[in-house]
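K.L.:
Pasting a structure here, questions to come.
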Amino acid sequence: DVKVTQSSRYLVKRTGEKVFLECVQDMDHENMFWYRQDPGLGLRLIYFSYDVKMKEKGDIPEGYSVSREKKERFSLILESASTNQTSMYLCASSLKDRKLNEQYFGPGTRLTVT
Amino acid sequence: TQLLEQSPQFLSIQEGENLTVYCNSSSVFSSLQWYRQEPGEGPVLLVTVVTGGEVKKLKRLTFQFGDARKDSSLHITAAQPGDTGLYLCAGDAGNMLTFGGGTRLMVKP
Numbered sequence: 001d002v003k004v005t006q007s008s009r010y011l012v013k014r015t016g017e018k019v020f021l022e023c024v025q026d027m028d029h030e031n032m033f034w035y036r037q038d039p040g041l042g043l044r045l046i047y048f049s050y051d052v053k054m055k056e057k058g059d060i061p062e063g064y065s066v067s068r069e070k071k072e073r074f075s076l077i078l079e080s081a082s083t084n085q086t087s088m089y090l091c092a093s094s095l096k097d098r099k100l101n102e103q104y105f106g107p108g109t110r111l112t113v114t
Numbered sequence: 115t116q117l118l119e120q121s122p123q124f125l126s127i128q129e130g131e132n133l134t135v136y137c138n139s140s141s142v143f144s145s146l147q148w149y150r151q152e153p154g155e156g157p158v159l160l161v162t163v164v165t166g167g168e169v170k171k172l173k174r175l176t177f178q179f180g181d182a183r184k185d186s187s188l189h190i191t192a193a194q195p196g197d198t199g200l201y202l203c204a205g206d207a208g209n210m211l212t213f214g215g216g217t218r219l220m221v222k223p
């Protein structure tokens with residue numbers, strides 16, 4: 001059974017703190033993605049990675065960075081958290097077959113920045 | 115940036131009713147996916163449609179891809195409380211997925 005796990009379901013951080021969100025998949029997928037989800041805005045892509053040590057900016061990369069040192073792990077970093085980064089963060093993975101690009105999601109991390 | 119618009123944004127119906135959710139764009143997609151997301155969970159893929167005019171059925175759910183591959187619809191027959199959730203469409207333009215804003219469905223018993 002496919003599985004994408006995220007390190008925390010709920011997280012509360014203070015403004016200015018450095019925040020790490022971890023995502024691990026056990027499906028040997030090449031592609032991994034980080035989205036944020038806000039009411040009425042759907043899912044917006046922050047960063048994605050097609051391979052180890054490789055990263056590409058999505059639609060809203062400002063204020064975020066990522067790291068992919070191992071194939072199964074993709075980390076999202078908020079260098080200095082701000083209140084407008086309060087959101088639901090979703091990690092996803094998919095096979096490199098671009099024809100379908102079907103993505104498998106983790107349960108999400110609800111981050112609150114106070 | 116390609117946009118996908120979903121309508122309606124919210125839908126509250128009684129058990130047993132039928133409903134249709136729409137996903138529209140001015141852009142052409144190579145495929146379109148529908149996901150359902152339950153509270154506190156990530157989206158789960160329901161179906162992928164690839165060919166213009168394609169119709170796929172998943173029990174009481176019928177998915178259709180427009181002939182021009184710019185729009186899609188999801189029809190649910192005899193909705194049940196277990197259908198409650200957020201329905202998301204996502205278009206694949208070859209590099210990454212573009213998600214619609216979602217339709218939040220509540221089915222009351």
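Heads up: the sequence lines are chains Z and P, in that order. My numbering numbers the first residue of the first sequence as 1 and each following residue consecutively. My numbering numbers the first residue of the second sequence as 115 and each following residue consecutively. Virtual Cβ for every residue (Gly too), placed ideally from N, Cα, C.
Note the first and the last residue of the continuous beta strand (DSSP E) segment covering LYS171 (chain P).
P.N.:
In the second sequence, the residue the question calls residue 171 (chain P) occupies position 57. Start and end: 169–172.
K.L.:
In chain P, what lies closer than 7 Å to GLU102 (chain Z) by C-beta?
P.N.:
Your numbering for residue 102 (chain Z) matches position 102 in the first sequence. What GLU102 (chain Z) touches in chain P: GLN147, LEU159, THR162.
K.L.:
I need the straight-line Cα distance from ASP28 (chain Z) to GLN120 (chain P), nearest angstrom please.
P.N.:
Position 28 of the first sequence, counted from the first residue, corresponds to residue 28 (chain Z). Position 6 of the second sequence, counted from the first residue, corresponds to residue 120 (chain P). The straight-line gap from Cα to Cα measures roughly 32 Å.
K.L.:
Within 8 Å of any Cβ in chain Z, is that where the Cβ of GLY166 (chain P) sits?
P.N.:
Against the second sequence, residue 166 (chain P) aligns to sequence position 52. Judged by the 8 Å Cβ criterion, GLY166 (chain P) is not in contact with chain Z.
K.L.:
What residues in the stretch 163–195 of chain P bring their beta carbon closer than 9 Å to a beta carbon of chain Z?
P.N.:
Those residues of the stretch 163–195 of chain P that come within reach of chain Z (Cβ to Cβ, closer than 9 Å) are VAL164.
K.L.:
Please classify ASP185 (chain P) as buried or exposed, where buried requires at least 16 neighbouring CB atoms within 10 angstroms.
P.N.:
In the second sequence, residue 185 (chain P) corresponds to position 71, counting from 1. It counts as buried.
K.L.:
Taking a contact to mean a Cβ-Cβ separation below 8 Å, would you say LEU117 (chain P) touches LEU125 (chain P) in this structure?
P.N.:
Residue numbering aside, residue 117 (chain P) sits at position 3 when the second sequence is read from its first letter. Residue numbering aside, residue 125 (chain P) sits at position 11 when the second sequence is read from its first letter. Their beta carbons are not under 8 Å apart, which means LEU117 (chain P) does not touch LEU125 (chain P) by this criterion.
K.L.:
On a Cα-Cα basis, can you pick out the residue from P:GLY156, P:GLY167, P:GLY199 that is closest to THR5 (chain Z)?
P.N.:
Here the question's residue 5 (chain Z) lines up with position 5 in the first sequence. Ranking the options by Cα distance to THR5 (chain Z), first place goes to P:GLY156.
K.L.:
Do the CB positions of THR198 (chain P) and LEU175 (chain P) come within less than 8 Å of each other?
P.N.:
On the second sequence, residue 198 (chain P) is found 84 positions in, with the first residue counted as 1. On the second sequence, residue 175 (chain P) is found 61 positions in, with the first residue counted as 1. The answer is no: Cβ separation not under 8 Å.
K.L.:
So LEU78 (chain Z) packs on VAL19 (chain Z), CB below 8 Å; how close in whole Å?
P.N.:
Here residue 78 (chain Z) refers to the residue found at position 78 when the first sequence is read from its first residue. Here residue 19 (chain Z) refers to the residue found at position 19 when the first sequence is read from its first residue. Going by Cβ atoms, the distance from LEU78 (chain Z) to VAL19 (chain Z) rounds to 4 Å, so yes, they are a contact pair.
K.L.:
For PHE105 (chain Z), return the contacting residues in chain P, with the cut-off set at a CB-CB distance below 9 Å.
P.N.:
Looking up residue 105 (chain Z) in the first sequence gives position 105. Going along chain P in sequence order, the residues near PHE105 (chain Z) (Cβ under 9 Å) are TYR149, GLN151, GLU155, GLY156, PRO157, VAL158, LEU159.
K.L.:
Looking at the C-beta of MET220 (chain P), does it have a partner C-beta in chain Z at a distance below 8 Å?
P.N.:
Here residue 220 (chain P) corresponds to residue number 106 of the second sequence, with the count starting at 1. False, the Cβ-Cβ gap to chain Z never drops below 8 Å.
K.L.:
Kindly say whether VAL128 (chain P), judged by its beta-carbon, lies nearer than 8 Å to any beta-carbon of chain Z.
P.N.:
Along the second sequence, read from residue 1 onward, the residue named residue 128 (chain P) stands at position 14. In the sequence under discussion, the amino acid at residue 128 (chain P) is Gln, which differs from the Val named in the question. Not closer than 8 Å to any Cβ of chain Z, the Cβ of GLN128 (chain P) fails to qualify, so no.
K.L.:
Here's the rule: buried if 16 or more other CB atoms are within 10 angstroms of the residue's CB, otherwise exposed. What is TYR104 (chain Z)?
P.N.:
Walking along the first sequence from the start, residue 104 (chain Z) turns up at place 104. The residue is buried, with at least 16 neighbouring Cβ atoms inside 10 Å.
K.L.:
Do we get a CB-CB distance below 8 Å when we pair PHE48 (chain Z) with the residues of chain P?
P.N.:
Taking the first sequence and counting its residues from 1, the one referred to as residue 48 (chain Z) is at position 48. Yes, PHE48 (chain Z) lies at the interface with chain P (some Cβ there is under 8 Å from its Cβ).
K.L.:
So, with DSSP's three-state summary, where would you put GLY196 (chain P)?
P.N.:
Here residue 196 (chain P) is taken as the residue at index 82 of the second sequence, counted from 1. Helix at GLY196 (chain P).
K.L.:
Hey, which unbroken runs of the beta strand (DSSP E) at 3 residues or more fall wholly within the stretch 39–112 of chain Z?
P.N.:
Qualifying beta strand (DSSP E) stretches, in chain order: 42–49, 65–70, 73–78, 87–94.
K.L.:
Could you name the residues of chain P that LEU45 (chain Z) contacts, counting a contact when the two beta carbons are closer than 8 Å?
P.N.:
The residue labelled residue 45 (chain Z) in the question sits at position 45 within the first sequence. The answer, in chain order, is MET210, LEU211.
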